Every structure is written in structure tokens, then in C-alpha cells.
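If you read the sequences in order, they're chains H and Y.
The opening position of the first sequence corresponds to residue 105 in the working numbering, with each subsequent residue numbered one higher.
The opening position of the second sequence corresponds to residue 105 in the working numbering, with each subsequent residue numbered one higher.
Using N, Cα and C, we set each Cβ at its ideal position, and we do this for glycine too.
Please read these numbers as outputs of a predicted model, since none were measured by experiment.
There are 2 protein chains.
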Amino acid sequence: MKTRIENITILTMNQEFEIIEDGFIEFDKQITCIGQGQSCHDADCIIDGHHGILMPGMINTHTHVGMIPFRSLGDDCKDRLRRFLFPLENECMTEKLAYASAKYAISEMLLSGITTFMDMYYFEDEIAKAADEMGIRAFLGETVIDFQSCDSEKPYGGLDYAKWFIPKWKNHSRIVPFIAPHATNTNCEDALKQANEISKQYNVPLSLHACEMDYEIAYFKEHYQQTPIQFLETLGLLSSRLVAAHCILLNKDDIDLLARYQVKVAHCIGSNAKAAKGVAPVKEMLEKGVHVGLGTDGPSSGNTLDMFTQFKLFADFHKNHYHDRSLFPAKNIVELGTIEGAKVLGMDAKIGSIEIGKKADLVLLETDSVNMFPIFDYYSAIVYSAQAHNVDSVFVDGQCLVRHKELVKESFQEIKKNLYDEMKEFSKKAKMYEIKK
Amino acid sequence: MKTRIENITILTMNQEFEIIEDGFIEFDKQITCIGQGQSCHDADCIIDGHHGILMPGMINTHTHVGMIPFRSLGDDCKDRLRRFLFPLENECMTEKLAYASAKYAISEMLLSGITTFMDMYYFEDEIAKAADEMGIRAFLGETVIDFQSCDSEKPYGGLDYAKWFIPKWKNHSRIVPFIAPHATNTNCEDALKQANEISKQYNVPLSLHACEMDYEIAYFKEHYQQTPIQFLETLGLLSSRLVAAHCILLNKDDIDLLARYQVKVAHCIGSNAKAAKGVAPVKEMLEKGVHVGLGTDGPSSGNTLDMFTQFKLFADFHKNHYHDRSLFPAKNIVELGTIEGAKVLGMDAKIGSIEIGKKADLVLLETDSVNMFPIFDYYSAIVYSAQAHNVDSVFVDGQCLVRHKELVKESFQEIKKNLYDEMKEFSKKAKMYEIKK
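Shown next, in the form of C-alpha cells:
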């Protein structure tokens, strides 16, 4: 089945940042033709883009799709992670709830133009089923952590889970399974090494939270006289397979190490700032050649699962931090959310830009809504004006998953109802936690 | 005509931050009844709120509604004000364009739940006409500046304009005219004093940009050995009539002066951060009792005219700045956008909260969209999750101006077409400026 979209402006995000006004595109699973004006080819389905903007599907390099139930719970509380999230997760998170949450979160991402996401959570097999059904592209990492968790009776149960989960999904066309030790300071050395061995053995990514917490830095300084990044180097974890989330509290040597080992970074400005953790040195990382993608973080941390929120926050925080409004012009921020994200996932040959032969992961933004006029600069409009709601249509592998702002394959109402039903026990307990706070 | 909305959660934003779940409200021009469950009164029109959130109409304390044509133009350029905005304004801004832009900007604000705004621009008589027609509440200040401007052949023409404009609109039920010297450093002492006299004579506010620019601070230090706030004190401009926009670069003494003279502040975090100007000391101002409202700034600076964008940025910037996630809990941020904004405008007896006898300026948020579930904390949902698109209905003075996300009184398509037509000359010139940059 071949689709053509015409009457659009195409932001290719190719190396030349080529923009094609009055453009058209044709694709099946892959992009087969891009041009200006009218196409001369055949297509089974022709879509009038109504002067919209076609951009590559956005890439969310860090999230926790099982965590929709936690949204708006204890947002402004100190040590929320240990007071709300960990205990409630252990008490209430189930296979069914993780699945229902993942379906909801994937709906939210698709509706906002995210076509690929990298997830770390529990019950990743359920999340894989959700991603498989919904047609999105997903990197899914089972969490390894030093305590009993919702999907394991013993600490570090994620190691065994991953050994079963990774081979099960490894040959899926849209799903890449991987292993996700929770953080530098929530795993012992041995567990981190074992996780790394699994990552090597199956040649899949390893992702963890790193250099995110003040107490994490203090812990490694006290116990190892090292930074967390130096500690990871000692254990042999630094490699091009590693995607380190957050990386806020880095020194210059840390950045050099990340660059030397070709470690990738998932930068979550919204989550980091809301939790008052600081602004990661993205400028310095990029200058050293470290690939940095953007992440929404989980819906409990970043609250909304769309990249537009991150784009705006990224611009405002990094410009303000360096006292330079010309730093990170809008097109470079869109770059972080598309082709740079693809580089973080090692997928830049296949996704992240609109080029012939690449996978047809595409987003059509409408420009009819009140916030989208005038447009003198398409990148500016995307970074400073656009919101999730402006996403009209979304394609993954050429398959239409969102059309006219609604899911195509599934009923959002049903997905929401299922989550609501599965959340009953969780919601009761969550309200008790709210009262205790 | 009496309207009842039922099946809603009411965030009253009264002094006790009272929340009424399963609530109803009745109003004509004013709020006549608030309660829980079913109302026992009569109403001409009954609206089912579908489990939505009813909040006070939001108050935008600083914007420039004539500037829609500039949106997305030269966003990331250094000294954009003098390289793009001032010259293009002088070349291309006309009476008709200001009017067309105001209609568009007011549409955008109404659709995002802003029911009152404070504007500074040129051709304010046109903007008053637009506000009058559209039913929004507006504080409108004619700009006074030290050069020939788009609506005056001579410098400081705004002084004469204001003398004609203020009495013309002073008795309008929804419009408060005022005078707006552009900034501390774009007016001579005499013009500032004259503007202040006009403000006194008509007992209307005076608003200006203050302590926004590095070079402004340097200028007053060099020429007066004063801060801009000290300079304003010397001239007699500090008073409870003054609304100072931005106030980023304040020292402790400046804050004391603002408090002593009961000066009000319009804080525009989105615009300030994007332009890399810093984070205003809002915590310190509030601690000293200075009233601080939030502002979108103009659509060229803040890009979108909605308070949700400002709420999220406010939370993230101020929490991160003080390295404390518990600072400014969500309810206090909603407070800044509602009742605190009303205090800035001296209107808190009439608007800013949902209380019997107050004007029926109301916003109904739908909670059906994907970003609005679950809601454990209503304020969190508004600050961290909600977007302009979630605004379902808007009332000003009890009149329904937005229903089901569409303007009631006017056609947005027509407003957009008029602006597009009026912008033709502007757009041509703007593109030439883009190329030169």
C-alpha cells in the first residue's frame, strides 16, 4: 500500500536541513519519493496535507510508560521518589496495570507525534505487547534494582527477566528489547556487571539513570572517591551501547569519558527542572561529540508525554543558562528531538529524518489552529508555538496510526476505561499517601 | 439571563483555596450561587460540565496584542528588539493591522481561558474596539516612547494620544485605559513625569518595562549612579498605580522600594527565559508583600498567548533556581495566574476567584483529553499537564465567549483571514529582514 501526502511543507531534517515548500511525499513502509509540486507517481491513498508541516516522527529517548497512574500525585513533595513512587509501585503495580498504562501512554505519545520511545520499567513484556498492538516503535528495557520489585520477589529479578524477555522480542520489526539497571546507586557492582554482560551477549542497549541526584554524587565521592561516570568506567559499563539518562551533574572529565566511550545521553529538561535538579551541560556534551536526545521522562516526572513541551523548555532553560538568546536556535532543538534522538538509539540510518529509503515514520502538523500563525520560521513555530494538539496525523513504518487527531487502530475511550478500571486499587492507596504527605 | 453549570469541580481560588467537587454554579453577570450536588434554583441555560474543572478566568498582566504579525520572526537573533521589532513596527504597523492583530490575539487568549489582559502597544483605540467587540476584559495602555512611532509622527506622541484615549474609554464596563511609557531607558525624565501626571489625573494605571535589560541597568548606573527602580522613585513614579513589567534585575533595596510604594509586578518567565535575560526574584518579592502577576508578554516574545505555558515554565524555573522542588506548589502558581493577577490590576474585589457577588469570569476545562488523566491534584493537573487546548468554555461578565473550544460571538476563520490580508505588506518586508539577518 502506497500513500502520498501532498500540499505540505517538508522539514526533512537531513544533513542540509532541507525544507521543501509545496511538497509531496510517497511511501509504503519506507519513503520512496519526495518532491515539490504535484507527484507523477501512483498511490493507493492520497492525503491533502492542507498546508501543514511534515516532520520526522519524534523520538523520546527516556520514559516510563507504566507510570501513568502516578501522574499529578505528590508532584511538589520532597523526596517524592522514595515517599510516593517506590512504595506505591511495590504495593500496587501489576502486570495488568502496567499493560493498561502502557496502552494509555503510547496513545498519548502517538497523538503528540512521538513515533519511537525508549522505556525503562517493570513488566516490559506487557509493554512490548502494548507497543506491538499499537504500531509504535519501541526500545524496551526491563529494570534491574536492588530491592524486591513489583515484578520480582527477589532483588535484581530484572536480570533473569531480561534473559527471558530479550530473546523473546529481539527479532520484532519495531521493538528492541534491552536491559535497564535502575541507576548507578540502586544496583550493586555485581548486578551492574551482570546487566552489562547481558547487554553484550545479546548486543542490545543498556540504559540507566546517572548523575541525576545530589546524594548519588555524594555517595560515590564518599565510597569510591569517584564520580558515578568514573565508577561506571571502572566496571566496564561505558560503551556505545549505553544510554545514560539525565547526566545533569557532570564535570569536564565525565564529559570526556562519555565522549571517549561513545556513550549516548537522554536529556530530560522538564523532569530535571521540575524536580529542581539542575540543567545538564548539553552544550558541552554536544561540543565534545556526545550524542544527546530528548526525553519526556515518565508521566509522573514530566507529566506530559510530548516533545513540544520539552522543546520549549529546552530552549528557555539552555538559552537562559548561558545568557545567550542565539544559543540553540530552534532548528537545532528540533534536531535533538528527531535525528539526534535516532543517533542516541543507533537508528539514524533508518529513522530521524525524511529521506528516500528511510522508514516512513512521519508526523503531519496542522497549521490551522490559533497558535500556528504566522509562520516565518518553521522550526520556531514547532519549538515556541506548537503543542501536542497540533499533531494531525502520524505514520510509523508507513502505517497511519493517528488521523485528524484521533487514534486509527484503537479506541482511546476504551483504552482510558481499561486503565481507569485497572487503577481502582491503586487510586485508593494513592489517596491515602496523599493524605499522609 | 441566568446560566447554571453543573457536574463540575470548582477551584474557587478563594482565601481558603476551597475546592467543591460535584459542584454547581449559577450566574448572570455576577456569580449568584455556588454549591454541591444539584442546584435548586432556576436558570435559563443549564450546562453539563462533564466532570470538568471550573476555575476563575485567567489574568494575563502583560502582553502586546498588536504583535501577532511578528510571531516566529527572528526568534533566536541577538538584539532582536532593535534589529527586527522596532524598525518593522515603524515601517509596517498600521491602525488596521493593529486592530486585526488584536482580534486574533484576543481570540487566542479567550480560547486558552484568559478573560482579562493588560496590554501595552500603539493604536490602543483600535485595540479597545477589538476588546469591546469580543467581550473580553482589558486594561489598555498607549505606549509613550522617545522616537517617532507607528501611530505618532513625533517622539512621545503617546502622551497626547493617551489624553484623548483615556477619557474616551474610561467609563466602559470592561475596559480600563491607561498610559504606558515604553521603558525606563526609552523615555526622557520629562516624558516619564508627564505620563505619571496623566495617570494621576485620570486615576488610571501606568505600566512600563523595567529592569529587563543588562544595558538598562548599566545605563542608569553610569548616568545616575542609581538602579532603574531608584531612578523611578526619584521621578515620583513609584506608586500603587504602577505595574512594572519584568523586574528581572532587582537588588534587595529595589524590592524594598517596590514593596514600600505598593508597586505591582508583571512577571513574564517565558519571554524572559527565551531571551536569556534571567529569572526574576519572585520569591523575594512575594515575601516582601509585592503583588506579582503572570504575563505571556507579546506573541513575538512569548509566542503563545496562554497561561498554561507560563504556569509550567514558572514552576520549572523557580523550583530549579532555588534547588527546591517543594517551592511554589502548583496551587500557588494557579494563584499567581488568577487572584494575584487580579490584585496586580487592583481588581481583586471583582475578579480572580469564584465567589458569590464577583463577576462571572469563568473557565471550564475539559478532563477528557489524553493529557488530563489521572487527576489526584487539580492544581497539579492545571500547572503540569493542562494546555490551552483543554479549555472548553469561557465566560466574561457571565457572557459565554467560548463554547466547546470555539469562539461563540465571532468566526475565527474570518478573524484569521482579515489578519492574513492586512499582513501582506508586513510579511513581504519581514521576509526581507529575515534574509538580512
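Quick check on GLU125 of chain Y: does DSSP put it in helix, strand or coil? On the second sequence, position 21 is the one that residue 125 of chain Y refers to. In the structure shown, GLU125 of chain Y sits in a strand (DSSP, three-state: E or B).
Those runs of the beta strand (DSSP E) which lie wholly inside the stretch 283-338 of chain H and span at least 3 residues: 310-314
Please tell me whether SER468 of chain Y has its Cβ less than 8 Å away from any Cβ of chain H. The sequence position of residue 468 of chain Y within the second sequence is 364, counting from 1. A quick correction: the sequence has Leu, not Ser, at residue 468 of chain Y. With 8 Å as the cut-off, LEU468 of chain Y does not count as an interface residue toward chain H.
So LYS200 of chain H contacts chain Y; which residues on that side make the cut at Cβ distance below 9 Å? Walking along the first sequence from the start, residue 200 of chain H turns up at place 96. Result: empty, since nearest Cβ-Cβ is about 16 Å, beyond 9 Å.
Three or more C-beta pairs under 8 Å: does that hold for the stretch 158-178 of chain H against the stretch 134-146 of chain H? By the C-beta criterion, the stretch 158-178 of chain H is judged not to be in contact with the stretch 134-146 of chain H, since fewer than 3 inter-stretch pairs fall below 8 Å.
Please list the terminal residues of the continuous alpha helix (DSSP H) segment that includes GLY397 of chain Y. Residue mapping note: residue 397 of chain Y aligns to position 293 of the second sequence, counting from 1. Note, GLY397 of chain Y: premise wrong, no alpha helix (DSSP H); beta strand (DSSP E) at 396-398.
In chain H, which residues lie less than 7 Å from GLY374 of chain Y when you measure between Cβ atoms? Counted from its first residue, the second sequence places residue 374 of chain Y at position 270. Simply ASP420.
Chain-order list of residues whose beta-carbon lies under 6 Å from that of VAL280 of chain Y (same chain, five-residue window excluded): Numbered from 1 along the second sequence, position 176 holds the residue referred to as residue 280 of chain Y. The answer, listed in chain order, is PHE243.
For CYS504 of chain H, the three-state DSSP class (helix, strand or coil): As a first step, residue 504 of chain H must be located in the first sequence, where it is residue number 400. In the three-state DSSP reduction, CYS504 of chain H falls in the strand class (E or B).
Can a CB atom of chain Y be found closer than 8 Å to the CB of GLN252 of chain H? Position 148 of the first sequence holds residue 252 of chain H. Cβ-Cβ to chain Y under 8 Å: no for GLN252 of chain H.
Which residues, taken in chain order from the stretch 446-474 of chain Y, show a beta carbon closer than 9 Å to some beta carbon of chain H? ASP472, SER473, VAL474
What are the start and end residues of each continuous beta strand (DSSP E) run of 3 or more residues lying completely inside the stretch 186-250 of chain H, in chain order? 218-225, 241-248
What does the alpha-carbon distance come out to for the pair VAL448 of chain H and ILE231 of chain Y? As a position in the first sequence, residue 448 of chain H is number 344, starting the count at 1. As a position in the second sequence, residue 231 of chain Y is number 127, starting the count at 1. Approximately 49 Å between the Cα atoms of the pair.
Where do the ends of the alpha helix (DSSP H) carrying ASN424 of chain H lie? Taking the first residue of the first sequence as 1, we reach residue 424 of chain H at position 320. Per DSSP, ASN424 of chain H belongs to the alpha helix (DSSP H) from 411-426.
Beta-ladder partner(s) of LEU346 of chain Y, from DSSP: Translated into positions along the second sequence, residue 346 of chain Y becomes position 242. For LEU346 of chain Y, which the question treats as bridged, DSSP gives the partners Y:LEU310.
C-alpha gap between LEU339 of chain H and LEU361 of chain H, whole angstroms: Counted from its first residue, the first sequence places residue 339 of chain H at position 235. Counted from its first residue, the first sequence places residue 361 of chain H at position 257. Going from the Cα of LEU339 of chain H to the Cα of LEU361 of chain H covers about 13 Å.
Quick check: the Cα distance between VAL467 of chain H and ILE486 of chain H, rounded to an integer number of angstroms? Reading the first sequence from its first residue, position 363 is the one you call residue 467 of chain H. Reading the first sequence from its first residue, position 382 is the one you call residue 486 of chain H. Rounded to the nearest angstrom, the two C-alpha atoms are 12 Å apart.
Residues of chain H with CB closer than 7 Å to the CB of ASN407 of chain Y, please, in chain order. Position 303 of the second sequence, counted from the first residue, corresponds to residue 407 of chain Y. Under the 7 Å cutoff, chain H gives TYR488, SER489.
9 Å Cβ cut-off: residues of chain H touching ALA322 of chain Y: Start at 1 with the first residue of the second sequence, and residue 322 of chain Y comes out as number 218. Counting only Cβ-Cβ distances below 9 Å, ALA322 of chain Y has no contacts in chain H at all, with the closest Cβ about 14 Å away.
Following the continuous alpha helix (DSSP H) through ALA363 of chain H, name the residue where it begins and the one where it ends. Start at 1 with the first residue of the first sequence, and residue 363 of chain H comes out as number 259. Segment 356-364, the alpha helix (DSSP H) holding ALA363 of chain H.
Can you give me the Cβ contacts of PRO433 of chain Y inside the same chain, cut-off strictly under 8 Å, excluding the 5 residues immediately before and after it? If you number the second sequence from 1, residue 433 of chain Y lands on position 329. Cβ within range, chain order: TYR483.
Where the stretch 339-355 of chain H meets chain Y: residues whose CB sits under 7 Å from a CB there: Residues passing the 7 Å Cβ filter: none.
Contact belief for GLY402 of chain H with THR107 of chain H at Cβ below 8 Å, rounded distance in angstroms: Taking the first sequence and counting its residues from 1, the one referred to as residue 402 of chain H is at position 298. Taking the first sequence and counting its residues from 1, the one referred to as residue 107 of chain H is at position 3. With a Cβ gap of about 33 Å, GLY402 of chain H and THR107 of chain H do not count as contacting.
Look up ALA370 of chain H in the DSSP assignment and say whether it is helix, strand or coil. Within the first sequence, residue 370 of chain H is the residue found at index 266, counting from 1. If DSSP states are grouped into helix, strand and coil, ALA370 of chain H belongs with the strands.
Whole alpha helix (DSSP H) elements within the stretch 456-541 of chain Y, 4-residue minimum: 516-526, 528-540
Where does ASP452 of chain Y sit, in a helix, a strand or coil, going by DSSP? The residue you call residue 452 of chain Y lines up with position 348 of the second sequence. Reduced to three states, the DSSP call for ASP452 of chain Y is coil.
Going by other Cβ atoms of all chains shown within 10 Å of its Cβ, with 16 needed for buried, is ALA147 of chain H buried or exposed? For this step, residue 147 of chain H is matched to residue 43 along the first sequence. ALA147 of chain H is buried by the Cβ-count criterion.
If the criterion is Cβ atoms closer than 8 Å, does the pair ASP229 of chain Y and PHE282 of chain Y meet it? The residue given as residue 229 of chain Y occupies position 125 in the second sequence. The residue given as residue 282 of chain Y occupies position 178 in the second sequence. With contacts defined as CB atoms closer than 8 Å, ASP229 of chain Y and PHE282 of chain Y fail to qualify as a contacting pair.
Partners in chain H for HIS493 of chain Y, counting only beta-carbon separations shorter than 7 Å: Numbered from 1 along the second sequence, position 389 holds the residue referred to as residue 493 of chain Y. Correct list: GLN491, HIS493.
Buried versus exposed call for ALA492 of chain Y [16 or more other C-beta atoms within 10 Å across all chains shown]: Mapped onto the second sequence, residue 492 of chain Y falls at position 388. Per the 10 Å Cβ criterion, buried.
Who are MET162 of chain H's beta bridge partners in DSSP? Reading the first sequence from its first residue, position 58 is the one you call residue 162 of chain H. Paired residues: H:ILE218.
From GLU276 of chain H to GLY127 of chain Y, what distance separates their C-alpha atoms? The residue you call residue 276 of chain H lines up with position 172 of the first sequence. The residue you call residue 127 of chain Y lines up with position 23 of the second sequence. Looking at the sequence provided, one finds His at residue 276 of chain H rather than Glu. Roughly 50 Å separates the two Cα atoms.
Between the Cα of GLN140 of chain H and the Cα atoms of H:ILE112, H:PRO160, H:PHE121, H:MET117, which residue gives the shortest distance? Counting from one through the first sequence, the residue named residue 140 of chain H turns up at place 36. The shortest C-alpha separation from GLN140 of chain H is found at H:ILE112.
From the DSSP output, in three-state form, read off PRO385 of chain Y for me. Taking the second sequence and counting its residues from 1, one reaches residue 385 of chain Y at position 281. In the structure shown, the three-state DSSP call for PRO385 of chain Y is coil.
Give the interface partners of LEU177 of chain H over in chain Y, defined as CB-CB distance under 9 Å, in chain order. Reading the first sequence from its first residue, position 73 is the one you call residue 177 of chain H. The contacting residues are PRO478, PHE480, ASP481, SER484.
With three or more C-beta pairs closer than 8 Å as the rule, is the stretch 424-431 of chain Y touching the stretch 397-416 of chain Y? no
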